[in-house]
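Only one structure is covered here, and it is reproduced in the block below.
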Amino acid sequence: MRISAVNTKGFASAQRAGFPFRQVFSVLVLLFAFSLLSAKDHIIRVGIYHNPPKVFVDEHGNPAGIFVDIIEEIARSEGWSLGWYPGSWEENLRLLSSGELDLMPDVAFNEERAELYDFHQSPVLVSWSQLFSRKDLRIRTYTDLDGLVIAVLKNSVQESILEEVVSGLGINSRFLRLDSFDEVLDSVEDKDADLAATSVFFGRMNAKEHRLVESPLIFNPSNLYFASPKGKNQDLLSAIDRHLELMKSDSESVYFSSLQHWTPEARRWELPTWILISIILLGMTLAITIAGSIILRRQVLLRTNELRQTNQEMELRIEDRTEELGFALRQAQVADMLKSAFLATMSHELRTPLNSIIGFTGILLQKLPGEINPEQEKMLKIIQTSSRHLLSLINDVLDISKIEAGQLELRLSDVNLQATLEKVIGLVSLQAEEKELDLKLEMMTRNVFIKVDQRRFEQVLLNLLSNAIKFTDKGSVTLISEKKENTLRITVKDSGIGIPEDKLDALFMPFQQIDTGLNRKYEGTGLGLSISQKLIRLMGGDITLESKINQGSSFHICLPLDQEKHDE
Amino acid sequence: MSKLVLIIEDNRENYYLMRYLLEHHGLRVIGADSGWMGIEMAIYNKPDIILLDIQLPEMDGYSVARRIRSNPEIKDIPIVAVTSYAMMGDKEHALAAGANAYIEKPINPDSFADEILEYLEDFRSDDEDPVR
Numbered sequence: 040m041r042i043s044a045v046n047t048k049g050f051a052s053a054q055r056a057g058f059p060f061r062q063v064f065s066v067l068v069l070l071f072a073f074s075l076l077s078a079k080d081h082i083i084r085v086g087i088y089h090n091p092p093k094v095f096v097d098e099h100g101n102p103a104g105i106f107v108d109i110i111e112e113i114a115r116s117e118g119w120s121l122g123w124y125p126g127s128w129e130e131n132l133r134l135l136s137s138g139e140l141d142l143m144p145d146v147a148f149n150e151e152r153a154e155l156y157d158f159h160q161s162p163v164l165v166s167w168s169q170l171f172s173r174k175d176l177r178i179r180t181y182t183d184l185d186g187l188v189i190a191v192l193k194n195s196v197q198e199s200i201l202e203e204v205v206s207g208l209g210i211n212s213r214f215l216r217l218d219s220f221d222e223v224l225d226s227v228e229d230k231d232a233d234l235a236a237t238s239v240f241f242g243r244m245n246a247k248e249h250r251l252v253e254s255p256l257i258f259n260p261s262n263l264y265f266a267s268p269k270g271k272n273q274d275l276l277s278a279i280d281r282h283l284e285l286m287k288s289d290s291e292s293v294y295f296s297s298l299q300h301w302t303p304e305a306r307r308w309e310l311p312t313w314i315l316i317s318i319i320l321l322g323m324t325l326a327i328t329i330a331g332s333i334i335l336r337r338q339v340l341l342r343t344n345e346l347r348q349t350n351q352e353m354e355l356r357i358e359d360r361t362e363e364l365g366f367a368l369r370q371a372q373v374a375d376m377l378k379s380a381f382l383a384t385m386s387h388e389l390r391t392p393l394n395s396i397i398g399f400t401g402i403l404l405q406k407l408p409g410e411i412n413p414e415q416e417k418m419l420k421i422i423q424t425s426s427r428h429l430l431s432l433i434n435d436v437l438d439i440s441k442i443e444a445g446q447l448e449l450r451l452s453d454v455n456l457q458a459t460l461e462k463v464i465g466l467v468s469l470q471a472e473e474k475e476l477d478l479k480l481e482m483m484t485r486n487v488f489i490k491v492d493q494r495r496f497e498q499v500l501l502n503l504l505s506n507a508i509k510f511t512d513k514g515s516v517t518l519i520s521e522k523k524e525n526t527l528r529i530t531v532k533d534s535g536i537g538i539p540e541d542k543l544d545a546l547f548m549p550f551q552q553i554d555t556g557l558n559r560k561y562e563g564t565g566l567g568l569s570i571s572q573k574l575i576r577l578m579g580g581d582i583t584l585e586s587k588i589n590q591g592s593s594f595h596i597c598l599p600l601d602q603e604k605h606d607e
Numbered sequence: 377m378s379k380l381v382l383i384i385e386d387n388r389e390n391y392y393l394m395r396y397l398l399e400h401h402g403l404r405v406i407g408a409d410s411g412w413m414g415i416e417m418a419i420y421n422k423p424d425i426i427l428l429d430i431q432l433p434e435m436d437g438y439s440v441a442r443r444i445r446s447n448p449e450i451k452d453i454p455i456v457a458v459t460s461y462a463m464m465g466d467k468e469h470a471l472a473a474g475a476n477a478y479i480e481k482p483i484n485p486d487s488f489a490d491e492i493l494e495y496l497e498d499f500r501s502d503d504e505d506p507v508r
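Residue numbers (this note's numbering), protein chains in the order written: chain V, 40 to 607; chain C, 377 to 508.
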């Protein structure tokens, strides 16, 4: 049977080992048998030989390749049934010429063959032969082949053409003749040869695997067709032509998709577009994110540095200020100390001579050293009075100095008001008697205790009382104690000469005295009232004044009453 | 035997004044013009009362008072501080340093001696009590 002959022989020479011949064989037998049974159907017998990617049988035993894709597409359109006849190149050509095959793919047109077979018009593929070299070789022209070994398929067109070229150009090259294109490529990989001559399709499909690169040396361009036995299948061939024309003009057709599918060159490892776009977008996003983060980080750093600088500056300034303040404080403290020292010294210095004056005058007036005559006594009394006066002036000056310097300390205690008022009345009663004035005490409060500095308070009362007596020539001086809500009011009222309204405010200023033309009579530094007011203010109250010319004056001491204490 | 007063005072006039008044009131008076001298004399003479001027040169009055108080031989002798009473806290300072009382300068010649006699009465130690 034809099939068995084809099978055994064809596969043995053209295929690699490990090919499932038996399975393929069975399938094909069935197909053929089937086709015979449906006697009416016209099966087109198509030869296959091993020349991937143009035409071959794949590992699953199916016909594959560019020519296969095309003829199957045409068959579908036309409603043909195809039968596949794998075999070797020579075998199939023989079968073709004898009419036992209808079509043979991948046949290059030449004059000889035109005698034997029919070709259709429009070529299926344009092919050429090409030299593929080792990666490290830089082949640019045919002369570069000098001294190199070229692997070729035995009895192939590549062999014959190259032999002509080489001898024609006088190049010294050797040929390594092998039995298959696979062996041809292998030999270069194994370094038995430097170059491999194969068809462009085969070479491109397998170059990478074998670590070869395309050289620019191409030759033997040929158009590849389906060939058919002479004079037989004109209808087939025209159909093929028709379809080819259509396919080649449609970029979406099987023609192009098949080419793309099978030709690795076109099939460079490409990322599907969507992946590429995603990666680019991702990349961009990443880049932006990173850039953003870098920028932010820089900003933060800058800011941090700025802040740190500002901080440092602030701290420096704070240090400066603190130093300045510390200095100012120390200066103030020193000033205070100086004031205190001054006051202490002045006080001591002023009182010391007075001690002698007052003391010895007193001793003399006591007649301790001996008797004195009335004249001496009179004079000594004058000295004594003057020195006491001087002492009180010195005390006033020192008091006001202390108050001004903030050195006056009040010793507050709970003072029995009634007892105090009675005491001071007693102290000035002699002074009032001498001027024949009525001295009265009006207590309108009961059991009042005030929180004051007792000594200073008495000092103020005495000051006001003696002023009142001093400026009153006739009538009375009254000491009144009243309570209004939470305020205690003590009044020193006199029926004296009074004080003009425009001079009222000035009275409390230090060194002020009203000018009544009677200055000589009312001696004093004028400090008394100003000290009194300051003292009362330090105790939390105030002194106010009412006066009418020739009618008299009322000096009011107002003090707050926080709590009342009752004398049990 | 009349009481003995030790006056520690560097100003001659002040000393003269106080001494005159006290002697004319029946008291015996000895004096020192510095803190050191005063302490020595106190130890040696064991006075009944010490009048101590606060404003002394070299060792100030407060220190003298403290030293007297910490010396076992003389710690019980009453001390009256004589001060100008110038600044805040003078009185407290004197009392804190160990004085029993104080008198302000300028002194009142009419009452000075009586005041001292009173202090002698108030502060005298028991073993001088004639009743026992």
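Think of the CB as a built atom: it goes at the ideal place given N, C-alpha and C, for glycine as much as any other residue.
{"Asked": "is_contact[V:Leu-430, chain C] using C-beta, thresh 8 Å", "Found": "yes"}
{"Asked": "Delimiting residues of the alpha helix (DSSP H) encompassing V:His-282", "Found": "273 to 288"}
{"Asked": "Stretch pair the segment 408 to 419 of chain C + the segment 410 to 427 of chain V: three plus CB contacts closer than 8 Å", "Found": "no"}
{"Asked": "Proximity winner among C:Ile-479, C:Glu-389, C:Arg-500, C:Asp-466, relative to C:Lys-451 (alpha-carbon distances)", "Found": "C:Arg-500"}
{"Asked": "Own chain, CB closer than 8 Å to V:Asp-157, minus 5 neighbours either side, in chain order", "Found": "Ala-266, Ser-267, Pro-268, Lys-269, Gly-270, Lys-271, Asn-272, Gln-273, Leu-276"}
{"Asked": "Whether V:Ala-330 touches V:Ile-113 by CB criterion (8 Å)", "Found": "no"}
{"Asked": "N- and C-terminal bounds of the alpha helix (DSSP H) containing V:Gly-398", "Found": "312 to 404"}
{"Asked": "Beta carbon of V:Ile-110 nearer than 8 Å to that of V:Val-85", "Found": "yes"}
{"Asked": "Listed by chain order, chain V residues near C:Lys-451 by CB distance under 7 Å", "Found": "Going along chain V, no residue has its Cβ under 7 Å from C:Lys-451, so there is no contact; the nearest lies around 28 Å."}
{"Asked": "Cβ-Cβ distance between V:Leu-201 and V:Ile-189 below 8 Å", "Found": "yes"}
{"Asked": "Where V:Arg-369 falls, given that 16 or more other Cβ within 10 Å makes a residue buried", "Found": "exposed"}
{"Asked": "Contact set between the segment 476 to 489 of chain C and chain V, restricted to residues whose Cβ is under 7 Å from the partner", "Found": "Lys-481, Pro-482, Ile-483, Pro-485, Asp-486"}
{"Asked": "Amino acids of chain C, ordered along the chain, whose beta-carbon sits closer than 9 Å to that of V:Thr-391", "Found": "Asn-387, Glu-389, Asn-390, Gln-431, Ser-460, Lys-481, Pro-482"}
{"Asked": "Buried versus exposed call for V:Trp-123 [16 or more other C-beta atoms within 10 Å across all chains shown]", "Found": "buried"}
{"Asked": "Closest by C-alpha distance to V:Pro-539, when choosing among V:Thr-517, V:Glu-585, V:Thr-530, V:Leu-527", "Found": "V:Glu-585"}
{"Asked": "Residue range of the unbroken beta strand (DSSP E) whose run includes V:Arg-528", "Found": "526 to 533"}
{"Asked": "For C:Val-456, the nearest candidate out of C:Glu-480, C:Pro-433, C:Asn-447, C:Pro-448 (CA to CA)", "Found": "C:Glu-480"}
{"Asked": "C-beta atoms of V:Pro-92 and V:Thr-302 nearer than 8 Å", "Found": "yes"}
{"Asked": "Cβ separation of C:Ile-383 and C:Gly-407, assumed to be a contact under 8 Å, to the nearest whole Å", "Found": "5 Å"}
{"Asked": "V:Thr-511 in three-state terms, based on DSSP", "Found": "coil"}
{"Asked": "Ordered list of alpha helix (DSSP H) runs contained in the segment 87 to 175 of chain V, each at least 4 residues", "Found": "105 to 117, 128 to 136, 150 to 155"}
{"Asked": "Selection of the segment 568 to 602 of chain V by Cβ proximity to chain C, strictly under 8 Å", "Found": "none"}
{"Asked": "Test: V:Gly-465 CB closer than 8 Å to a CB of chain C", "Found": "no"}
{"Asked": "Closer than 8 Å to chain C by CB, V:Phe-496", "Found": "no"}
{"Asked": "Chain B contact for V:Phe-547 (CB, 8 Å cutoff)", "Found": "The structure shown contains no chain B; its protein chains are V and C."}
{"Asked": "Assigned exposure category for V:Asn-194 - 16 Cβ within 10 Å defines buried", "Found": "exposed"}
{"Asked": "C-beta neighbour in chain C for V:Asn-502, strict 8 Å", "Found": "no"}
{"Asked": "Residue interval of the alpha helix (DSSP H) (run including C:Asp-498)", "Found": "488 to 499"}
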